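Novice:
Number of protein chains: 2
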Amino acid sequence: MAAIEAGIAKATTITVLLTVAYDGTNYAGWQRQNNAVAVQQRLEEALEELFAQPIKLTATSRTDAGVHALGQRVVFELPALNIPINKLPQVVNAYLPPDIVVQAAETVPLGFNPRFAAKAKTYRYQFYNAALPNPLQAHYCAFVPRILDVNEMTRAAQVFVGTHDFTAFCASGSSAKTFVRQIFSCDITQNGELITLTIKGNGFLYNMVRIIAGTVLYCGLGKLKAADIPGIITERKREKAGKTMPACGLCLMEVEF
Amino acid sequence: MAAIEAGIAKATTITVLLTVAYDGTNYAGWQRQNNAVAVQQRLEEALEELFAQPIKLTATSRTDAGVHALGQRVVFELPALNIPINKLPQVVNAYLPPDIVVQAAETVPLGFNPRFAAKAKTYRYQFYNAALPNPLQAHYCAFVPRILDVNEMTRAAQVFVGTHDFTAFCASGSSAKTFVRQIFSCDITQNGELITLTIKGNGFLYNMVRIIAGTVLYCGLGKLKAADIPGIITERKREKAGKTMPACGLCLMEVEF
Numbered sequence: 080m081a082a083i084e085a086g087i088a089k090a091t092t093i094t095v096l097l098t099v100a101y102d103g104t105n106y107a108g109w110q111r112q113n114n115a116v117a118v119q120q121r122l123e124e125a126l127e128e129l130f131a132q133p134i135k136l137t138a139t140s141r142t143d144a145g146v147h148a149l150g151q152r153v154v155f156e157l158p159a160l161n162i163p164i165n166k167l168p169q170v171v172n173a174y175l176p177p178d179i180v181v182q183a184a185e186t187v188p189l190g191f192n193p194r195f196a197a198k199a200k201t202y203r204y205q206f207y208n209a210a211l212p213n214p215l216q217a218h219y220c221a222f223v224p225r226i227l228d229v230n231e232m233t234r235a236a237q238v239f240v241g242t243h244d245f246t247a248f249c250a251s252g253s254s255a256k257t258f259v260r261q262i263f264s265c266d267i268t269q270n271g272e273l274i275t276l277t278i279k280g281n282g283f284l285y286n287m288v289r290i291i292a293g294t295v296l297y298c299g300l301g302k303l304k305a306a307d308i309p310g311i312i313t314e315r316k317r318e319k320a321g322k323t324m325p326a327c328g329l330c331l332m333e334v335e336f
Numbered sequence: 080m081a082a083i084e085a086g087i088a089k090a091t092t093i094t095v096l097l098t099v100a101y102d103g104t105n106y107a108g109w110q111r112q113n114n115a116v117a118v119q120q121r122l123e124e125a126l127e128e129l130f131a132q133p134i135k136l137t138a139t140s141r142t143d144a145g146v147h148a149l150g151q152r153v154v155f156e157l158p159a160l161n162i163p164i165n166k167l168p169q170v171v172n173a174y175l176p177p178d179i180v181v182q183a184a185e186t187v188p189l190g191f192n193p194r195f196a197a198k199a200k201t202y203r204y205q206f207y208n209a210a211l212p213n214p215l216q217a218h219y220c221a222f223v224p225r226i227l228d229v230n231e232m233t234r235a236a237q238v239f240v241g242t243h244d245f246t247a248f249c250a251s252g253s254s255a256k257t258f259v260r261q262i263f264s265c266d267i268t269q270n271g272e273l274i275t276l277t278i279k280g281n282g283f284l285y286n287m288v289r290i291i292a293g294t295v296l297y298c299g300l301g302k303l304k305a306a307d308i309p310g311i312i313t314e315r316k317r318e319k320a321g322k323t324m325p326a327c328g329l330c331l332m333e334v335e336f
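Protein sequences, first through last, are from chains B and P. Take 80 as the starting number for the first sequence in the numbering used here and just add one per residue. Take 80 as the starting number for the second sequence in the numbering used here and just add one per residue.
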């Protein structure tokens, strides 16, 4: 009898996939924490207030404290949805602070997991390159007050494209089963004082984008050459790569399934 | 004797002109307030800590609460300066929070007043035009979730160029002696969801840029036509112009002497 009831409940469950943007400045990252406010908590609270029932969110990426997102993807289940799905973003946003915004909502098949279903993720890392910092960019860029060789940074970024073992570009303590990831594209663009690294891959290890950004920056500063990177990849030693750049410059831009 | 001492003190006084950038989000505007923190107070405190004496700042523009600046100009006097003037920005910045940054310093003749010496000021007003807000732009743009006729906004901006009586574009309670101001240029640019009004003039009345931005926006929304603006200027009635846009979209870009 219990099994039948569970079966009925399951059959009517709706799985909702949200696209979420957030300014990570004032959050302890995506994932719920015991002693700090995370984006997951704020969004779960908003949905629980709206739907008057417990909500458990599963996200594609557990972004770190201070990291931003324009295209985080998040899933939750509901027994029923009595709001048109395309109206859901505006309704949820009324329950959210201005630094978290639901951008889109759609229904997906039961059991859809946005972490395992992700085929590609795109991140950007922003540098602000000038003699003195810009207070309007302080939360969204790493400030670099040194002359940079942007051509060498462009060559360095290109070296990461392909399928490689990224052990040298992963923070220690990672529980990853394999350190092999495929990078589809990795580019540098410049717009005045803003230099942006845009990287798309099938997945990223812990701190991988921030360490790649630090390595590309070292190439811009002349501390490394783009030609050194294949050797650093092969050697698989974290200390040979560049430093881990600050969280504020990082933004999760897009997830493709 | 007192007069001679004052004379000697004056002869050795150095007048320093600073270029200052700030994120106005967390401040009650430029001007010192009794019950809220203003940018002037923070900067005076930093300079007083550095020079170990009272400092009184005079700025070109008394920007309102929430308004940003990339090129505010500020003057103070000192009996002597024992730091090379070109090193002063970095030294002062060490005493400032990250949302206020001194960008440049130079010496100017005694009695130089950055308010009266200003020949031209440039402001920008930013609109974020999309169906849903972008949390990374929330502090720096007015959010407009409606379809905009950007060509009509461009035509509307052009109408403001020239010497006009801007009574209709001034908040009530202004103590201005004359409402005539000359606008040298007024342009609209679009970059994706960002629409920017850039306006340069010999001076601006209280809330004038925010009311011009609201009037240009009304032209984008079809509530007004660019061709209506000459009549609004002539009629000199505040209620005929558009609404006063929020402070967060406004930024003082440049002051020319």
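Glycine residues also receive a C-beta, built at the ideal position from the N, C-alpha and C atoms. In this text, all values refer to a predicted model and were calculated from it rather than measured experimentally.
Is it the case that the CB of residue 312/B approaches a heavy atom of the ligand ATP more closely than 7 Å?
Specialist: Among the ligands in the structure shown, none appear at all, so the ligand ATP cannot be discussed.
Novice: Return the first residue and the last residue of the beta strand (DSSP E) that residue 289/B is part of.
Specialist: Position 210 of the first sequence, counting from 1, holds the residue named residue 289/B. Looking at the DSSP string, residue 289/B is not in any beta strand (DSSP E); the run it does join, the alpha helix (DSSP H), is 287–300.
Novice: Can you round the beta-carbon distance between residue 288/B and residue 202/B to whole angstroms, since I take them to be within the 8 Å contact cut?
Specialist: Numbered from 1 along the first sequence, position 209 holds the residue referred to as residue 288/B. Numbered from 1 along the first sequence, position 123 holds the residue referred to as residue 202/B. Right, the Cβ-Cβ distance comes to about 5 Å (below 8 Å), so this counts as a contact.
Novice: With a 10 Å radius around its C-beta and 16 neighbouring C-beta atoms as the bar for buried, classify residue 162/B as buried or exposed.
Specialist: Walking along the first sequence from the start, residue 162/B turns up at place 83. Label assigned to residue 162/B: exposed.
Novice: Any idea what DSSP makes of residue 307/P, helix, strand or coil?
Specialist: Position 228 of the second sequence, counted from the first residue, corresponds to residue 307/P. In the structure shown, residue 307/P sits in a helix (DSSP, three-state: H, G or I).
Novice: Any beta carbon of chain P sitting closer than 8 Å to that of residue 185/B?
Specialist: As a first step, residue 185/B is located in the first sequence; it is residue number 106 there, counting from the start. Proximity of residue 185/B to chain P, defined by a Cβ-Cβ separation below 8 Å, is not satisfied.
Novice: Mind checking if residue 164/B is an interface residue toward chain P, Cβ cutoff 8 Å exclusive?
Specialist: As a position in the first sequence, residue 164/B is number 85, starting the count at 1. No, because no Cβ of chain P sits closer than 8 Å to the Cβ of residue 164/B.
Novice: Please report whether the beta-carbon of residue 158/B lies at a distance below 8 Å from any beta-carbon of chain P.
Specialist: As a working note, residue 158/B is residue 79 in the first sequence. No - not a single Cβ of chain P is within 8 Å of the one on residue 158/B.
Novice: Would you mind sorting residue 231/P into buried or exposed? The rule is 16 or more other CB atoms within 10 Å of its CB.
Specialist: Sequence index remark: in the second sequence, residue 231/P carries index 152 (1-based). Buried, because 16 or more other Cβ atoms sit within 10 Å of the Cβ of residue 231/P.
Novice: With a cut-off of 8 Å, do at least 3 Cβ pairs link the segment 203–223 of chain P to the segment 94–102 of chain B?
Specialist: yes
Novice: Closer than 6 Å by C-beta to residue 265/B: which residues in its own chain qualify, once you throw out the five before and the five after it? Chain order, please.
Specialist: Taking the first residue of the first sequence as position 1, residue 265/B is located at position 186. Hits under 6 Å: 236, 239, 240, 278.
Novice: Kindly say whether residue 100/P, judged by its beta-carbon, lies nearer than 8 Å to any beta-carbon of chain B.
Specialist: Here residue 100/P is taken as the residue at index 21 of the second sequence, counted from 1. True, the Cβ-Cβ gap to chain B drops below 8 Å.
Novice: From residue 133/B to residue 178/B, what distance separates their C-alpha atoms?
Specialist: Position 54 of the first sequence, counted from the first residue, corresponds to residue 133/B. Position 99 of the first sequence, counted from the first residue, corresponds to residue 178/B. So the two alpha carbons sit approximately 23 Å from each other.
Novice: When you check each C-beta in the segment 202–227 of chain B against every C-beta of chain P, which residues fall closer than 7 Å?
Specialist: 211, 212, 213, 214, 215, 217, 219
Novice: Identify the contact partners of residue 168/B in chain P, using a Cβ-Cβ distance below 7 Å as the criterion.
Specialist: By one-based count along the first sequence, residue 168/B stands at place 89. 211, listed in chain order.
Novice: Run through DSSP, which three-state label would residue 283/P get?
Specialist: Within the second sequence, numbered from 1, the residue matching residue 283/P stands at position 204. Note: residue 283/P maps to coil in three-state DSSP.
Novice: Between residue 282/P and the rest of its own chain, which residues show a CB-CB distance below 6 Å, the 5 nearest in sequence each way excluded?
Specialist: Counting from 1 along the second sequence, the entry for residue 282/P is found at position 203. Correct list, in chain order: 260.
Novice: Check whether the segment 246–253 of chain B touches the segment 218–229 of chain B, taking contact to mean three or more Cβ pairs, one atom from each stretch, closer than 8 Å.
Specialist: no
Novice: Grab me the residues of residue 328/B's own chain with a C-beta within less than 6 Å of its C-beta, minus the 5 sequence neighbours each way, in chain order.
Specialist: As a working note, residue 328/B is residue 249 in the first sequence. The residues are 204, 205, 220, 221.
Novice: Should residue 322/B go down as buried or exposed, given a rule of 16 or more other Cβ atoms within 10 Å for buried?
Specialist: On the first sequence, position 243 is the one that residue 322/B refers to. Exposed.
Novice: Should residue 310/P be labelled buried (16 or more other beta-carbon atoms within 10 Å of its own) or exposed?
Specialist: Sequence index remark: in the second sequence, residue 310/P carries index 231 (1-based). Answer is exposed; the Cβ neighbour count stays below 16.
Novice: Between residue 172/P and chain B, is the shortest Cβ-Cβ distance under 8 Å, so that the two count as touching?
Specialist: Within the second sequence, numbered from 1, the residue matching residue 172/P stands at position 93. So yes, residue 172/P belongs to the interface.
Novice: So, is the C-beta of residue 180/B closer than 8 Å to a C-beta in chain D?
Specialist: Among the protein chains of the structure shown, namely B and P, there is no chain D.
Novice: Output the distance between the C-alpha atoms of residue 290/P and residue 125/P, rounded to the nearest integer angstrom.
Specialist: Position 211 of the second sequence holds residue 290/P. Position 46 of the second sequence holds residue 125/P. Looking at the backbone, the Cα of residue 290/P and that of residue 125/P are separated by about 34 Å.
Novice: Should residue 326/B be flagged as near chain P, meaning a C-beta pair shorter than 8 Å?
Specialist: In the first sequence, counting from the first residue as 1, residue 326/B sits at position 247. Not one chain P Cβ lies under 8 Å of residue 326/B.
Novice: Give the secondary structure of residue 208/B by DSSP, where H, G and I count as helix, E and B as strand, and everything else as coil.
Specialist: In the first sequence, residue 208/B corresponds to position 129, counting from 1. Looking at residue 208/B - three-state DSSP - the assignment turns out to be strand.
Novice: With a floor of 4 residues, list each alpha helix (DSSP H) that falls wholly inside the segment 117–171 of chain P, ordered by position along the chain.
Specialist: Listed in chain order, the complete alpha helix (DSSP H) runs (minimum 4 residues) inside the segment 117–171 of chain P are 118–130.
Novice: Could you tell me whether the Cβ of residue 133/B comes closer than 8 Å to any Cβ of chain P?
Specialist: Taking the first residue of the first sequence as 1, we reach residue 133/B at position 54. Output row for residue 133/B: interface = no.
Novice: Taking residue 243/B as the query, report the chain P residues whose CB atoms sit under 8 Å from its CB, ordered along the chain.
Specialist: Translated into the one-based positions of the first sequence, residue 243/B becomes position 164. The contacting residues do not exist; residue 243/B stays about 31 Å from chain P at best.
Novice: Counting only beta-carbon separations shorter than 8 Å, does residue 188/P have a partner in chain B?
Specialist: Numbered from its first residue, the second sequence carries residue 188/P at position 109. Answer no: the Cβ-Cβ gap between residue 188/P and chain B never drops below 8 Å.
Novice: Checking contacts by CB at 8 Å: is residue 193/P closer than that to chain B?
Specialist: Residue mapping note: residue 193/P aligns to position 114 of the second sequence, counting from 1. With 8 Å as the cut-off, residue 193/P does not count as an interface residue toward chain B.
Novice: Leaving out five residues before and five after residue 269/B in sequence, what residues of the same chain have Cβ atoms less than 6 Å from its Cβ?
Specialist: As a working mapping, residue 269/B is identified with position 190 in the first sequence. So the qualifying residues of the chain are 229.
Novice: Give the straight-line distance between the Cα atoms of residue 196/P and residue 336/P, rounded to the nearest whole angstrom.
Specialist: Working through the second sequence from its first residue, we reach residue 196/P at position 117. Working through the second sequence from its first residue, we reach residue 336/P at position 257. Rounded to whole angstroms, residue 196/P and residue 336/P show a C-alpha spacing of 6 Å.
Novice: Classify residue 140/B: buried if its beta carbon has 16 or more other beta carbons within 10 angstroms, exposed otherwise.
Specialist: Here residue 140/B corresponds to residue number 61 of the first sequence, with the count starting at 1. Buried.
Novice: Among the candidates 208/P, 114/P, 297/P, whose CA atom is the shortest distance from the CA of residue 273/P?
Specialist: If you number the second sequence from 1, residue 273/P lands on position 194. Taking only the C-alpha atoms, the option nearest residue 273/P is 208/P.
Novice: Please classify residue 168/P as buried or exposed, where buried requires at least 16 other C-beta atoms within 10 Å of its C-beta.
Specialist: Here residue 168/P refers to the residue found at position 89 when the second sequence is read from its first residue. So residue 168/P ends up on the buried side.
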